[in-house]
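J.: To start, I am sharing the structure in question, which I have written as structure tokens.
Protein chains: 2
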Amino acid sequence: MTNHRITSQDVAEKAGVSRTTVSLVLNNVPGVKISPQTRRRVLDAARELNYVPEAAAQALASRRARIIGLILIRNPHQISTDAFLTQILDGLIETIRPSGMRLLIDIVEPQHQKETYLQLIQAKHIDGIILSGPRYDDDALSSLLEVNFPAVLLGQIPDSDFAFVDVDNRAAVNTAVAHLINLGHSRIACITNAPISYTAALDRLTGYKQALKENGIALDSELIRYGDFDIESGYRQMHSLLASNVTMTAVFIGSDTLAYGAVAAIRERGLRIPQDIAVVGFDDIPFSRYSDPPLTTVRLPAGDLARRSAEILSQLLAGDEPESKQVILETQLVVRDSCGASRSNRRMKLQ
Amino acid sequence: MTNHRITSQDVAEKAGVSRTTVSLVLNNVPGVKISPQTRRRVLDAARELNYVPEAAAQALASRRARIIGLILIRNPHQISTDAFLTQILDGLIETIRPSGMRLLIDIVEPQHQKETYLQLIQAKHIDGIILSGPRYDDDALSSLLEVNFPAVLLGQIPDSDFAFVDVDNRAAVNTAVAHLINLGHSRIACITNAPISYTAALDRLTGYKQALKENGIALDSELIRYGDFDIESGYRQMHSLLASNVTMTAVFIGSDTLAYGAVAAIRERGLRIPQDIAVVGFDDIPFSRYSDPPLTTVRLPAGDLARRSAEILSQLLAGDEPESKQVILETQLVVRDSCGASRSNRRMKLQ
DNA sequence: GCGCGTTACTAACGCGTGTTAGTTACAGAT
DNA sequence: ATCTGTAACTAACACGCGTTAGTAACGCGC
Chain A
1 MTNHRITSQD VAEKAGVSRT TVSLVLNNVP GVKISPQTRR RVLDAARELN YVPEAAAQAL
61 ASRRARIIGL ILIRNPHQIS TDAFLTQILD GLIETIRPSG MRLLIDIVEP QHQKETYLQL
121 IQAKHIDGII LSGPRYDDDA LSSLLEVNFP AVLLGQIPDS DFAFVDVDNR AAVNTAVAHL
181 INLGHSRIAC ITNAPISYTA ALDRLTGYKQ ALKENGIALD SELIRYGDFD IESGYRQMHS
241 LLASNVTMTA VFIGSDTLAY GAVAAIRERG LRIPQDIAVV GFDDIPFSRY SDPPLTTVRL
301 PAGDLARRSA EILSQLLAGD EPESKQVILE TQLVVRDSCG ASRSNRRMKL Q
Chain B
1 MTNHRITSQD VAEKAGVSRT TVSLVLNNVP GVKISPQTRR RVLDAARELN YVPEAAAQAL
61 ASRRARIIGL ILIRNPHQIS TDAFLTQILD GLIETIRPSG MRLLIDIVEP QHQKETYLQL
121 IQAKHIDGII LSGPRYDDDA LSSLLEVNFP AVLLGQIPDS DFAFVDVDNR AAVNTAVAHL
181 INLGHSRIAC ITNAPISYTA ALDRLTGYKQ ALKENGIALD SELIRYGDFD IESGYRQMHS
241 LLASNVTMTA VFIGSDTLAY GAVAAIRERG LRIPQDIAVV GFDDIPFSRY SDPPLTTVRL
301 PAGDLARRSA EILSQLLAGD EPESKQVILE TQLVVRDSCG ASRSNRRMKL Q
């Protein structure tokens with residue numbers, strides 16, 4: 001048994017043509033004349049031999065790896081509770097699959113960013129990159145722009161030329177907090193979803209501040225806490241708020257995941273949601289419809305974000321300048337019960 | 001500006017040696033004598049030129065892609081609510097990073113398995129594979145064994161030679177359900193986490209049946225429902241149970257994610273947990289500590305599963321036959337409040 | 001002076017593909 | 001009879017690296 005790899009050479013011999021012809025046929029190279037009979041012979045031979053071109057050789061010769069990289073800028077343990085990530089993965093793979101691209105995923109720790117994803121690029125391991133969790137203090141990012149590498153941010157860096165897909169975090173949070181204010185709350189706490197070096201975290205915090213300001217409510221920095229991606233941090237920061245002497249009747253939390261940590265902390269204190277403390281989150285993860293009480297939150301269109309970013313990246317890879325390389329998708333305030341706005345609605349369900 | 005890629009040739013010229021020497025030095029090839037001065041000159045040149053070897057060329061020449069594939073056998077939309085996945089990703093990337101491997105992720109739909117991950121392998125796109133969600137009816141799997149491709153299952157196919165890392169789903173569920181029985185329950189429903197073509201789903205169902213049998217409780221098939229990975233299916237199946245005329249005082253659910261859908265359904269019916277219906281889940285996702293009530297569940301050591309599978313795969317890739325290629329990790333019944341076993345404990349917290 | 005082993009390298013091949021520059025055969029025009 | 005053009009291919013190079021087989025220089029024993 002020879003057991004050697006089946007190469008395009010084998011296909012060529014079986015079809016009685018040259019290797020060049022095999023390549024031309026299988027890649028459907030435009031502008032090349034191949035007689036229908038030859039074309040068929042090649043295709044048949046390839047199928048019968050179950051020929052699959054070797055990825056590395058293709059990549060080397062064609063200078064395209066057919067892989068796009070999804071880079072998560074986060075501490076590894078923060079991945080574990082990232083409900084957003086799975087939705088992104090889903091949308092991303094679904095979108096790139098038809099074009100035959102593969103997805104490589106890597107986690108980059110904020111501490112040492114430079115060594116990491118730039119190497120992926122220099123090694124030509126990936127053709128393009130989708131970057132989740134961009135930070136203000138990421139200096140490797142600017143290198144990306146310099147070398148004009150196809151990249152799309154999930155999120156954004158203000159005043160930069162990066163292609164990105166994002167939501168208007170400021171406006172979305174503004175709306176959410178304004179909703180609390182309309183319900184009569186004025187002592188509204190805030191827990192960010194992450195350190196504010198992450199652009200999304202800062203933007204959401206800014207939206208919170210804007211809403212207060214626009215409604216004539218003084219900012220009380222005692223009401224602000226900083227989360228760190230995972231549910232534990234939501235739990236801890238909420239306890240920290242409750243243990244301090246500040247009064248509050250509502251809290252906005254920068255992500256649903258953290259919100260559930262906060263909900264647990266509130267309950268442990270014997271307080272009721274929304275009667276004692278109204279809660280509003282951000283993301284609308286799938287669970288939030290089913291939580292008790294169902295969580296009022298801002299719907300972040302995760303699947304759409306993933307799909308749009310993959311589409312834009314595809315265009316960049318094709319060399320087209322996309323018509324819109326900076327996309328803001330719509331969010332939507334999903335009012336459920338945790339904010340106290342629809343108590344009657346809730347009664348009916350319980351009946 | 002020449003702007004050509006920096007190759008090992010450039011490094012060689014700068015260091016005044018041959019390309020071979022560069023390769024020998026940078027790869028630290030054992031058993032080759034290179035003088036310390038030369039070694040240093042090469043390393044310096046590489047660093048100064050910021051040389052990064054091209055992945056495709058390395059892969060082609062060395063016949064190793066330095067990529068491992070994580071294949072998820074699931075319908076795409078079921079990824080969105082998979083809390084288990086993020087924990088796996090975390091442990092996997094953490095484990096393979098030190099060896100310089102990358103992780104490629106792909107979703108394979110149960111309907112067309114054959115075309116998909118076998119191609120990844122034939123294209124030599126990946127050196128090894130970690131397969132999550134193996135199914136009894138996956139015929140592509142046996143092809144893997146035939147060609148002796150380095151593979152590790154997350155989960156297992158009974159009576160096969162596959163390397164795998166798993167937990168004893170049957171025993172774990174047996175313990176969990178026995179716990180309910182010890183608490184006095186005899187009408188215990190069951191919702192599987194997935195269709196029973198998935199091995200884990202069938203094993204968990206079997207554990208449930210065993211526990212009933214060992215405790216002299218007759219099996220009532222009216223009490224069994226089949227979930228499908230996502231939270232919605234838990235919600236639907238629980239409603240289905242509650243809408244039927246069967247009586248029950250407890251329910252075991254094959255995954256925490258589904259359990260929260262069930263919890264919502266139970267609440268919508270105006271029933272209390274655990275007083276009216278005790279609930280036990282499976283997985284111990286991070287949220288389960290924080291839910292209301294905190295969920296009694298079986299802790300599945302997700303991080304350890306990921307790490308061990310990555311380790312075994314590394315050994316397979318190195319050509320070593322691992323001492324133990326079939327690993328069963330310990331689970332642990334985590335008794336919280338949703339099963340009604342620790343109500344006093346809960347009171348204290350609420351005080 | 002020669003054989004031999006060791007040290008420290010290098011020339012050259014091969015990995016499997018994409019692609020450019022040709023080549024051959026043949027029909028039609030001059 | 002020669003030139004031109006086109007259809008249908010193919011020979012040969014390039015991609016950037018790992019690796020095998022080989023070589024030159026040198027010391028050492030005799």
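Listed in order, the protein sequences are those of chains A and B. Positions 1 to 351 (this note's numbering) are the ones given, in order, by the first sequence. Positions 1 to 351 (this note's numbering) are the ones given, in order, by the second sequence. C-beta atoms are modelled at their ideal positions from N, C-alpha and C, and glycine is treated no differently.
Using a Cβ-Cβ cut-off of less than 7 Å, list which residues of the stretch 111 to 143 of chain B approach chain A; keep chain order.
T.: Per Cβ criterion, the list reads Gln-119, Gln-122, Ala-123, Lys-124, His-125.
J.: Chain A beta carbons: is any one of them nearer than 8 Å to that of B:Ser-80?
T.: Yes - at least one Cβ of chain A is within 8 Å of the one on B:Ser-80.
J.: Closer than 7 Å, Cβ to any Cβ of chain A: which residues of the stretch 271 to 303 of chain B, in chain order?
T.: So the close ones are Pro-286, Phe-287, Tyr-290, Asp-292.
J.: Which first and last residues belong to the beta strand (DSSP E) in which B:Gln-87 is found?
T.: Premise fails: B:Gln-87 lies in the alpha helix (DSSP H), 83 to 96, not in any beta strand (DSSP E).
J.: According to DSSP, simplified to helix, strand and coil, what is A:Asp-337?
T.: The answer is coil: DSSP assigns A:Asp-337 none of H, G, I, E or B.
J.: Can you find the residues in the same chain that come closer than 6 Å, C-beta to C-beta, to A:Tyr-51, ignoring five residues on each side of it along the sequence?
T.: Closer than 6 Å at Cβ, skipping near neighbours: Ile-6, Val-11.
J.: Going by CA-CA distance only, name the one from B:Leu-271, B:Phe-229, B:Val-108 that's closest to B:Ala-243.
T.: Of B:Leu-271, B:Phe-229, B:Val-108, the residue nearest in Cα terms is B:Leu-271.
J.: Compare the C-beta of A:Leu-90 with all C-beta atoms of chain B and state if any pair is closer than 8 Å.
T.: Looking at the sequence itself, residue 90 of chain A is Asp, so the reference to Leu does not match. So, interface residue.
J.: Which residues does DSSP pair with B:Phe-252 in a beta bridge?
T.: Note: B:Phe-252 sits in a beta bridge opposite B:Cys-190, B:Val-280.
J.: Say whether chain A places a C-beta atom closer than 8 Å to the C-beta of B:Leu-333.
T.: So no, B:Leu-333 is outside the interface.
J.: Where A:Ile-67 and B:Leu-72 are concerned, what is the direct C-alpha to C-alpha distance, given to the nearest angstrom?
T.: Cα-Cα distance, rounded: 18 Å.
J.: Between which two residues does the alpha helix (DSSP H) holding A:Arg-204 run?
T.: 199 to 214 is the extent of the alpha helix (DSSP H) around A:Arg-204.
J.: Residue range of the beta strand (DSSP E) that A:Gln-326 falls in?
T.: Start and end: 326 to 329.
J.: I want to verify the contact list: residues of chain A whose CB lies under 9 Å from the CB of B:Asp-256, in sequence order.
T.: Near B:Asp-256 there are no residues of chain A at all, since even the closest Cβ is about 10 Å away, more than 9 Å.
J.: Using only alpha-carbon positions, find the residue among B:Thr-38, B:Phe-229, B:Pro-293, B:Val-177 that is nearest to B:Ala-15.
T.: When only C-alpha atoms are compared, the closest one is B:Thr-38.
J.: What distance in whole Å lies between the Cβ atoms of B:Gln-210 and B:Arg-170, which are believed to be in contact at a cut-off of 8 Å?
T.: Between B:Gln-210 and B:Arg-170 the Cβ distance is about 6 Å, and since that is below 8 Å, they are a contact.
J.: Quick one: is B:Thr-20 near chain A, going by C-beta distance under 8 Å?
T.: No - not a single Cβ of chain A is within 8 Å of the one on B:Thr-20.
J.: In terms of alpha-carbon separation, which member of A:Glu-54, A:Gln-122, A:Val-25 lies closest to B:His-4?
T.: The shortest Cα separation from B:His-4 among A:Glu-54, A:Gln-122, A:Val-25 belongs to A:Gln-122.
J.: Could you tell me the alpha carbon to alpha carbon distance between A:Leu-43 and A:Asn-28, rounded to whole angstroms?
T.: Rounded to the nearest angstrom, the two C-alpha atoms are 11 Å apart.
J.: Could you give the DSSP three-state label for B:Val-152: helix, strand or coil?
T.: The answer is strand: DSSP assigns B:Val-152 an E or B state.
J.: B:His-185 versus chain A: which residues are under 8 Å apart at the beta carbon?
T.: Those do not exist, as B:His-185 stays about 22 Å from chain A at its closest Cβ, beyond 8 Å.
J.: Thinking just about the alpha-carbon of each residue, which of B:Gly-227, B:Lys-213, B:Met-238 is nearest to the one in B:Thr-249?
T.: Nearest of B:Gly-227, B:Lys-213, B:Met-238 to B:Thr-249, Cα basis: B:Met-238.
J.: Less than 8 Å separating the beta-carbons of B:Pro-134 and B:Leu-153?
T.: Closer than 8 Å, so yes.
J.: Does the beta-carbon distance from A:Ala-176 to A:Ala-163 come in below 8 Å?
T.: Not in contact: A:Ala-176 and A:Ala-163 (Cβ atoms no closer than 8 Å).
J.: So which residues of chain A does B:Thr-95 contact, with C-beta pairs closer than 7 Å?
T.: Those do not exist, as B:Thr-95 stays about 10 Å from chain A at its closest Cβ, beyond 7 Å.
J.: With a threshold of 16 other CB atoms inside 10 Å of the CB of B:Gln-156, please say whether the residue is buried or exposed.
T.: Burial call: buried.
J.: Can you check whether the C-beta of B:Thr-86 is within less than 8 Å of a C-beta belonging to chain A?
T.: Yes, B:Thr-86 lies at the interface with chain A (some Cβ there is under 8 Å from its Cβ).
J.: If you measure between the beta carbons of A:Ile-96 and A:Ser-309, is that distance less than 8 Å?
T.: Going by C-beta atoms, A:Ile-96 is not nearer than 8 Å to A:Ser-309.
J.: Just to make sure I have the definition right: I need the residues of chain A whose C-beta is within less than 7 Å of the C-beta of B:Ala-178. Which are they?
T.: None at all; the shortest Cβ gap to chain A is about 28 Å.
J.: Suppose you measure from the CA of B:Tyr-290 to the CA of A:Glu-311; what does that come to, to the nearest Å?
T.: Using only the alpha carbons, I get a separation of about 38 Å.
J.: When the cut-off is 8 Å and only beta carbons count, does B:Glu-146 lie next to chain A?
T.: For B:Glu-146, the answer is no, since every Cβ of chain A falls outside 8 Å of its Cβ.
J.: Within 8 Å (strictly less), CB to CB, does A:Tyr-198 reach chain B?
T.: Chain B contact via Cβ: absent.
J.: When DSSP builds the beta bridges, which residues end up paired with B:Val-298?
T.: B:Val-298 is bridged to B:Phe-282, B:Leu-333.
J.: Which one of B:Thr-20, B:Phe-282, B:Glu-94 has the shortest CA to CA distance from B:Asp-82?
T.: It is B:Phe-282 whose Cα lies nearest to the Cα of B:Asp-82.
J.: Does B:Glu-109 have its Cβ less than 8 Å from a Cβ in chain A?
T.: B:Glu-109 does not count as touching chain A.
J.: Alpha carbons only, please: which of A:Tyr-136, A:Pro-98, A:Glu-146, A:Tyr-226 is nearest the one belonging to A:Leu-118?
T.: The candidate whose alpha carbon is nearest that of A:Leu-118 is A:Glu-146.
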